[in-house]
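J.: Protein chains in written order, with my numbering: chain A, 5 to 138; chain B, 5 to 138; chain C, 5 to 138. Quick reminder that beta carbons are idealized off the backbone N, C-alpha and C, glycines included.
And the structure:
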């Protein structure tokens, strides 16, 4: 398993990590297989979405905030970041990407995003890739 | 890695692909392992849900639309399909299914669905399966 | 593939299963690899979130209920549990966790949760783990 560390700079932001993950696949020499990208955090997520127009990510953050506002008088968690915990589970804790011909099998416009919902913080990312014999 | 191609026929619909994925598992001869089904698209998702009463999928689409309406004056993405991008991340870009005794380990009522949120379009699906030695 | 069986006791609850999954990893002798935890159900999910303050899970359930209420006159599914089906897809049908040095690579506060949305019921959980040669 390999690790990445990133420093987020906002309370909420999506940070694209595709090229860092691709580099690890190359270092590991995986040609055909599966790559799992996961995080050891509960107020952040991992997702795959468009990495062309930055307004896509802006709109995702806007609508997620509207659905799950940071403040709600009925939240009980003492740290006050329940919204970040729910957004984390909505995006998910990991993505699984096929590796084909030594490359992450992603579409032209896709990027792998670390989703910060309770930053800024220093965050870790785990990358585990497994080769297929087929 | 294997590919599937499907043609969606509506703006939003769930297309069941379970039997096509199962056929690939059989062609690959995987008896025990993990199968990742992913898509190279950012306005569609993959999920597992009930494949018995079609009203389940109808209700999923209805409530997703209510939560994330296609039109919102505050969206900024110029293509006008921000809702599809968010629904894609909410459903997820892939599913990971155990393979056991040569079969996808799914429940009786479960189906693997391609979730179209910005169709109709021709769409690709990637299937990567890995054998376990255990 | 290994199975777990749990008995949920409420209509909606999150049941932590981390230590049960860890025990299976040890029984299988997996030192480095990927573990997929999935369920053969469509009104329940699997997620990873905080396992420290129980109010986090309470707040997740509260907000999920507010977003996707159990009752909506526009639902058509005859069983009346459409909300549980949508919550299942929002949380996801599986989690994929790296295994490193014989341990699930989770953060200090993370737990793997079975998410019951239509209980109480007896539920099954599938665990499939694959070793990496790297």
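Our contact map puts residue 16 of chain B next to residue 49 of chain B with C-beta atoms below 8 Å; I'd like the distance itself, whole angstroms only.
T.: Rounded, the Cβ-Cβ distance is 11 Å, inconsistent with contact.
J.: In the DSSP assignment, the alpha helix (DSSP H) including residue 67 of chain B goes from what residue to what residue?
T.: That run of the alpha helix (DSSP H) goes 58-71.
J.: Could you give the first and the last residue of the continuous beta strand (DSSP E) run that contains residue 6 of chain B?
T.: Note, residue 6 of chain B: beta strand (DSSP E), 6-11.
J.: I want to know whether the stretch 97-107 of chain A touches the stretch 33-43 of chain A - three or more CB-CB distances under 8 Å.
T.: Taking 8 Å as the limit for Cβ pairs, the verdict is that the stretch 33-43 of chain A does touch the stretch 97-107 of chain A.
J.: Whole-angstrom Cβ separation of residue 7 of chain C and residue 116 of chain C, contact assumed at under 8 Å?
T.: Contact doesn't hold; Cβ gap of about 15 Å is too wide.
J.: For residue 30 of chain C, which of helix, strand or coil comes out of DSSP?
T.: Note: residue 30 of chain C maps to helix in three-state DSSP.
J.: Since residue 89 of chain A is in the alpha helix (DSSP H), which residue starts that stretch and which ends it?
T.: Its alpha helix (DSSP H) spans residues 86-95.
J.: Closer than 8 Å is the cut-off here; do at least three beta carbon pairs connect the stretch 21-33 of chain C with the stretch 53-73 of chain B?
T.: Flag = no, the stretch 21-33 of chain C and the stretch 53-73 of chain B do not touch.
J.: Here's the rule: buried if 16 or more other CB atoms are within 10 angstroms of the residue's CB, otherwise exposed. What is residue 120 of chain A?
T.: Residue 120 of chain A is buried by the Cβ-count criterion.
J.: Would you grab the beta carbon distance between residue 127 of chain B and residue 12 of chain B for me? Rounded to a whole angstrom, and I think it's under 8 Å.
T.: That belief holds up - the Cβ atoms of residue 127 of chain B and residue 12 of chain B are roughly 6 Å apart, short of 8 Å.
J.: Using a Cβ-Cβ cutoff of less than 7 Å, which residues in the same chain neighbour residue 125 of chain B once the five nearest sequence positions on both sides are dropped?
T.: If we look at residue 125 of chain B and ignore the five residues flanking it on each side, its Cβ neighbours are 12.
J.: Report yes if the C-beta distance between residue 76 of chain B and residue 79 of chain C is below 9 Å; otherwise report no.
T.: Not in contact: residue 76 of chain B and residue 79 of chain C (Cβ atoms no closer than 9 Å).
J.: I need the straight-line Cα distance from residue 71 of chain C to residue 135 of chain A, nearest angstrom please.
T.: C-alpha separation (whole angstroms): 40 Å.
J.: Report yes if the CB atom of residue 110 of chain B is closer than 9 Å to the CB atom of residue 21 of chain B, and no otherwise.
T.: No; because the gap between Cβ atoms is not below 9 Å, this pair is not in contact.
J.: If you drop the 5 nearest sequence neighbours on each side, which residues of the same chain put their C-beta closer than 6 Å to that of residue 55 of chain B?
T.: The residues are 20, 115.
J.: If you drop the 5 nearest sequence neighbours on each side, which residues of the same chain put their C-beta closer than 7 Å to that of residue 88 of chain B?
T.: Excluding sequence neighbours, residue 88 of chain B sits near 47, 121, 122.
J.: Would residue 42 of chain B be called buried (16 or more neighbouring beta carbons within 10 Å of its own) or exposed?
T.: So residue 42 of chain B ends up on the buried side.
J.: Determine the chain B residues that contact residue 104 of chain C at a beta-carbon separation under 7 Å, and present them in chain order.
T.: Those within 7 Å of residue 104 of chain C in chain B number zero; the least Cβ separation is about 17 Å.
J.: Could you tell me the distance, in whole angstroms, from the CA atom of residue 69 of chain A to the CA atom of residue 131 of chain C?
T.: Rounded to the nearest angstrom, the two C-alpha atoms are 34 Å apart.
J.: Leaving out the 5 sequence neighbours to the left and right, which residues in its chain are closer than 6 Å to residue 65 of chain B when beta-carbon positions are compared?
T.: If we look at residue 65 of chain B and ignore the five residues flanking it on each side, its Cβ neighbours are 16.
J.: Can you look up residue 135 of chain A in the DSSP assignment and give me helix, strand or coil?
T.: Correct three-state label for residue 135 of chain A: strand.
J.: Which term fits residue 44 of chain C, buried or exposed, when burial requires 16 or more other beta carbons within 10 angstroms of its beta carbon?
T.: Answer is buried; the Cβ neighbour count reaches 16.
J.: Determine the burial state of residue 82 of chain B: buried for a count of at least 16 other Cβ atoms within 10 Å of its Cβ, exposed for fewer.
T.: Burial call: exposed.
J.: Since I believe residue 29 of chain A is in contact with residue 108 of chain A (beta carbons under 8 Å), could you give me their beta-carbon distance rounded to a whole number of angstroms?
T.: Sure, about 6 Å apart at Cβ, within 8 Å.
J.: For residue 113 of chain B, I'd like the list of residues in its chain whose CB is within less than 6 Å of its CB, leaving aside the five on either flank, ordered along the chain.
T.: These residues qualify, in order along the chain: 54, 56.
J.: Suppose you measure from the CA of residue 133 of chain A to the CA of residue 67 of chain A; what does that come to, to the nearest Å?
T.: About 33 Å.
J.: Note down, in chain order, each residue of its chain lying with its Cβ closer than 6 Å to the Cβ of residue 18 of chain A, except the 5 sequence neighbours on either side.
T.: Around residue 18 of chain A: 61, 117, 119.
J.: Taking CB distances under 9 Å as the criterion, tell me whether residue 37 of chain C reaches chain A.
T.: By this cut-off, residue 37 of chain C is an interface position.
J.: On the CB-based measure, 16 or more other CB atoms within 10 Å of its CB, does residue 98 of chain A come out buried or exposed?
T.: Buried, by the Cβ-count rule.
J.: Cβ atoms of residue 96 of chain A and residue 96 of chain B: under 9 Å apart, would you say?
T.: Yes, Cβ-Cβ distance for residue 96 of chain B and residue 96 of chain A is below 9 Å.
J.: Any C-beta of chain C sitting closer than 9 Å to the C-beta of residue 79 of chain A?
T.: True, the Cβ-Cβ gap to chain C drops below 9 Å.
J.: If you follow the beta strand (DSSP E) that residue 16 of chain C is part of, which residue opens it and which one closes it?
T.: Taken as a continuous stretch (DSSP letters only), residue 16 of chain C belongs to no beta strand (DSSP E), as it is neither H nor E.
J.: Buried or exposed for residue 137 of chain A, going by 16 or more other Cβ atoms inside 10 Å?
T.: The residue is exposed, with fewer than 16 neighbouring Cβ atoms inside 10 Å.
J.: Counting only the same chain and skipping the five closest in sequence on each side, list residues whose C-beta sits under 6 Å from that of residue 74 of chain A.
T.: For residue 74 of chain A, where only same-chain residues beyond five positions count, the Cβ hits under 6 Å are 87.
J.: Would you say residue 111 of chain B reaches chain A, if we count a Cβ-Cβ gap shorter than 9 Å as a contact?
T.: Not an interface residue.
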